[in-house]
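Chains as they are written, first to last, in my numbering: chain A, 1 to 265; chain V, 1001 to 1283. Ideal placement from N, C-alpha and C gives every residue a C-beta, glycine not left out. Every value quoted in this text rests on a predicted model; they were computed, and no experiment measured them. The structure appears below as structure tokens.
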């Protein structure tokens, strides 16, 4: 069974169709990349899939459960690392994990070992009792990944997981994502603007443009599809979404994105 | 339709998949547990940073020492044989709780601008528990206001009622009052969604809530129209309850039981509305 399946999932805001009949299927253990220029509808799609936003029409299923009708059950199956900082700076790393362990009903006697394991996995054991405010951008991202996977989700959503990180921190985050896949078989859906990241992490990639999926395939086949020997994923991206230079994101999105980069960086 | 049923059944093989319908007791227990987890989060934040509590002492001190002392001498406000500073003490407590709670929504907008709200909403936490947990934490925070006002009152020689039951009653009113106005603030934050607009509205709301109440003068002094407004202002009932609990021989206008009932019903209504609006803050 597919971990994620959508059929003609659509969301309109007034006249704007942010996501237009999105139909994708992601199998167990797969890492699926959602690429596309700003304003292509990636974030809206993720909001619908994570139960934050009801679709205008169409359906989405996670592990066979209708996201719209069984939202509470779906929430137990998914993990979500938003683009923006989602841990609390005025708590310690340990406390951030502890509260989420409680919210996800991890039994009290399992909490201790689960938390130490999570901290160890993302290399934050030493920093566990420091306030997150004092963490570096890379540490914050790793803590967020630990927090979102405490309950061992079947499907993990990563919205631009390495935006604003330096190459070293970025590599560390990639390693943790790979570990999650290897150790727990976690299925991953990630959005990114980083072509190297998409190439490295994703088994399959869908390129979205103006709310629609233009093309979806493995990175290798996508590169072969543009009819240019030795094409990079960046060239693939431009080939399929190239005419959108002016259609991109709004002032608000841009300032948000830059703020995230600054906070993490 | 068939697809969904099939899907739901298939989902059952995974141990992480809960039964879609929990029993009532289990869901109530879950609700309470999550509410406390959210409140615990806020209280833990407070443990790391006390400065906020200290800066909160400034405003009640100014009202007590400047406004209170002058008006006590002026004897301009008839308070039925009670010294004005005694009459004022509960009003200042209610006011300082209100002023802190009414800007609570700023934090909600801040968390939304980050990804914190998204993260909470994606977790399997009932929306009502999120809102109630936050309201409770505002209540716990406001207990420091009671401590501050009691200390100031003691220094200024206010005659306070020290019976344990009355003190417990004061703490309960303060917690409910803070929960009420912080949830009101959360609702405004969910509607306006930006800090700038919120600050503007917060300023506009605080003064009418304060002046259209019995916080600094008795209801009897008000013209009819103002009395009518103050009768639908929850702050009036909060002050009324506090005044009869804090001061030894003060005759409550409505009865402490009625005051409590009004405050609790208003809080429950606001939390219900808040729980519906809160998920929309991220849309």
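Contact list for residue i against chain A, beta-carbon separation under 9 Å
i, result
"residue 1081(V)", "What residue 1081(V) touches in chain A: nothing, since even the nearest Cβ is about 48 Å away."
"residue 1052(V)", "Result: empty, since nearest Cβ-Cβ is about 10 Å, beyond 9 Å."
"residue 1284(V)", "This structure does not reach residue 1284(V), given that chain V is present from 1001 up to 1283, and the question cannot be answered."
"residue 1131(V)", "Simply none; closest approach about 14 Å."
Neighbourhood of residue i by C-beta distance below 7 Å, restricted to the same chain and skipping five residues each side
i, result
"residue 1180(V)", "1234, 1263, 1266, 1267, 1270"
"residue 7(A)", "23, 58, 59"
"residue 1279(V)", "1121, 1127"
"residue 199(A)", "219, 233"
"residue 1061(V)", "1152"
"residue 1046(V)", "1141"
"residue 26(A)", "2, 3, 4, 32, 187, 189"
"residue 11(A)", "18, 19, 44, 48, 53, 55, 56"
Beta strand (DSSP E) segment containing residue i, residue limits
i, result
"residue 1211(V)", "Premise fails: residue 1211(V) lies in the alpha helix (DSSP H), 1195-1211, not in any beta strand (DSSP E)."
"residue 20(A)", "16-22"
"residue 4(A)", "4-13"
"residue 212(A)", "212-217"
"residue 208(A)", "204-209"
"residue 31(A)", "31-35"
"residue 88(A)", "Here residue 88(A) belongs to no beta strand (DSSP E), and DSSP marks it neither H nor E."
"residue 80(A)", "78-81"
"residue 59(A)", "57-62"
"residue 1132(V)", "Not the beta strand (DSSP E): residue 1132(V) falls in the alpha helix (DSSP H), residues 1127-1155."
"residue 187(A)", "187-191"
Chain V contact residues for residue i, given Cβ-Cβ distances below 7 Å
i, result
"residue 203(A)", "Going along chain V, no residue has its Cβ under 7 Å from residue 203(A), so there is no contact; the nearest lies around 21 Å."
"residue 72(A)", "1124"
"residue 131(A)", "1048"
Close Cβ partners of residue i (< 6 Å) along its chain, the five nearest in sequence each way excluded
i, result
"residue 1191(V)", "none"
"residue 1091(V)", "1215, 1216, 1239"
"residue 31(A)", "188, 201, 202, 203"
"residue 1131(V)", "1271, 1274, 1275, 1278"
"residue 1252(V)", "1240, 1244"
"residue 1182(V)", "1101, 1104, 1135, 1138"
"residue 195(A)", "233, 234"
"residue 128(A)", "93, 94, 119"
Limits of the unbroken alpha helix (DSSP H) element including residue i
i, result
"residue 963(V)", "No answer is possible for residue 963(V): it lies beyond the span of chain V, which begins at 1001 and ends at 1283."
"residue 1240(V)", "1234-1246"
"residue 157(A)", "Unbroken run through residue 157(A) is the beta strand (DSSP E), 155-159; no alpha helix (DSSP H)."
"residue 200(A)", "195-201"
"residue 175(A)", "167-184"
"residue 1267(V)", "1256-1277"
"residue 240(A)", "233-241"
Residues of its chain near residue i, where Cβ-Cβ distance is below 8 Å and the 5 sequence neighbours each way are ignored
i, result
"residue 966(V)", "Residue 966(V) lies beyond the stretch modelled for chain V, which goes from 1001 to 1283, so this question has no answer here."
"residue 124(A)", "93, 139, 142, 143, 146"
"residue 209(A)", "36, 37, 40, 240, 241, 244"
Per-residue contacts from residue i into chain A (C-beta, under 8 Å)
i, result
"residue 1041(V)", "88, 91, 95, 99"
"residue 1240(V)", "Under the 8 Å cutoff, chain A gives no residues; its nearest Cβ is about 36 Å from residue 1240(V)."
Beta-carbon neighbours of residue i, restricted to chain A and to distances below 7 Å
i, result
"residue 1125(V)", "103"
"residue 1044(V)", "91, 95"
"residue 1282(V)", "52"
"residue 1086(V)", "Within chain A, no residue comes near residue 1086(V); the closest Cβ sits about 38 Å away, beyond 7 Å."
"residue 1189(V)", "Here the premise fails: no neighbours, minimum Cβ distance about 17 Å."
"residue 1037(V)", "99, 102, 103"
Inter-residue CB distance, residue i and residue j (contact presumed, cutoff 8 Å)
i, j, result
"residue 1241(V)", "residue 1210(V)", "Their Cβ separation, rounded to whole angstroms, is 17 Å, which puts residue 1241(V) and residue 1210(V) out of contact at 8 Å."
"residue 96(A)", "residue 143(A)", "6 Å"
"residue 1186(V)", "residue 1274(V)", "5 Å"
"residue 160(A)", "residue 193(A)", "7 Å"
"residue 19(A)", "residue 211(A)", "5 Å"
"residue 114(A)", "residue 101(A)", "7 Å"
"residue 1107(V)", "residue 1034(V)", "So it is not a contact: roughly 19 Å between Cβ atoms."
"residue 153(A)", "residue 79(A)", "4 Å"
"residue 54(A)", "residue 9(A)", "Not really, about 11 Å apart at Cβ, beyond 8 Å."
"residue 1142(V)", "residue 1175(V)", "7 Å"
"residue 1038(V)", "residue 1129(V)", "6 Å"
"residue 1054(V)", "residue 1161(V)", "Not confirmed; about 27 Å, so no contact."
"residue 1158(V)", "residue 1086(V)", "5 Å"
Beta-carbon neighbours of residue i, restricted to chain V and to distances below 9 Å
i, result
"residue 22(A)", "Simply none; closest approach about 17 Å."
- [ ] Check each residue of the stretch 169-201 of chain A: if its Cβ is closer than 9 Å to any Cβ of chain V, include it; give the result in chain order.
- [x] none
- [ ] Below 8 Å between beta carbons is the criterion; list the residues of the stretch 1103-1122 of chain V that meet it against any residue of chain A, in chain order.
- [x] 1113, 1114, 1115, 1116, 1118, 1119, 1120, 1121, 1122
TODO: Output, in sequence order along the chain, the residues in the stretch 81-94 of chain A whose CB is closer than 7 Å to any CB in chain V.
DONE: For chain V, the residues of the stretch 81-94 of chain A that bring a beta carbon within less than 7 Å of one of its beta carbons are 82, 83, 84, 85, 86, 88, 90, 91, in chain order.
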